[in-house]
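Right, one structure below, let's go through it.
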Amino acid sequence: MPELPEVETIARGLDAQVQGLRVMTACLYTPSVLHAGTVDTLPGARILQVTRRAKLLLMALDTGLYLVIHLKMTGRVWLGKPTQALPKHTHLVLGLDNGEQIVFEDARRFGYCRVETQASLAAWPFYASLGPEPLAVSAQELARIMAGKRARIKALLLDQTCVAGVGNIYADEALFAAEIHPATQAIHISSEQLLRLCTELQRILALAIKAGGSTISDYRNAYGRSGIFQNSFAVYGKKGAACPRCSHTLVAIQVAGRTSTHCPHCQVLEVA
DNA sequence: GGGATTGTTTAAAT
DNA sequence: GATTTAAACAATCC
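The numbering used here puts the first residue of the first sequence at 367, with every later residue one more than the last.
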């Protein structure tokens, strides 16, 4: 379940190791995971940098092309040696001129990759519709986007056109920190509370990046290592446990089709 | 072997 | 018409 902090961790780890290297080979084992472009265009290109936008991993090449990867639930991208056996569900392998290789694997195959030009990337509807990076804008700006909407706040946090990169983990953690019930309609949240939510979201995302992300089951960074932010969760996945703030039992409900774990004592639904 | 899993898209509803 | 919600979908593992 790589969200913003997890993809950011992978991007930073990969960038530090592959910047300036040349792609020698590109082997696509599962053609269906490539949603745009062709991998034949990749060999020969030098890697300029590896970055992140929303939950997308972006590899910029000196040919003007971008390799874009979305890990969805179970995708992994890591750097390895050709001597290592490839995992069962390996979809794309890039051989580099230092002898190492970048591996994209995804057991569930929900993840995908795309080869884009700058123009085609900008023309990709999903990419073009992405909202601001939560750590690149002010909390006031984030709050302003959500203010006055009738949708439930949990749905807005998960809406990538609203805020980019937030998934179920960080949405639940931010709502708990700001003491807001996940089903509260944004229009019923005071501007002070909304600002607090956005501030907490930024704080938690920054902490999670420092912790190398959260590993629930599948997530690993570019070196195959787990994150440790899961040890700091207050509510995510902790239904039945005691609220760290008031000791009341945490409850899981469905909001916008997603499991939303919260404290019914600290996070009260003011208006249904 | 069926249910659970998630982010995104698409269709339906308000 | 615009906003919001529910359902569908990808495919595998436990």
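We put the beta carbon where it would ideally sit given N, CA and C, even for glycine.
- The C-alpha of Leu414 is placed about 21 Å away from the C-alpha of Lys447.
- With at least 16 other beta carbons inside 10 angstroms of its own, Asn587 counts as buried.
- Between the segment 504-517 and the segment 550-564, the count of C-beta pairs closer than 8 Å reaches three or more; the two stretches touch.
- Taking C-alpha positions only, His436 is separated from Leu400 by approximately 11 Å.
- Here Ala549 carries a coil assignment [DSSP, helix/strand/coil].
- In summary, Leu573 is exposed, with fewer than 16 beta-carbon neighbours lying within 10 Å of its beta-carbon over all protein chains present.
- Going by beta carbons, Glu482 and Gly403 fall inside the 8 Å limit.
- Going by C-alpha positions, Arg611 is about 17 Å away from Leu635.
- For Leu567, the enclosing alpha helix (DSSP H) covers residues Ser557 to Lys576.
- Counting only the Cα atoms, Met439 lies some 31 Å from Gly410.
- In this structure, Gly497 sits near Ala530, with a CB-CB distance shorter than 8 Å.
- Assignment of beta-bridge partners to Val621 by DSSP yields Arg624.
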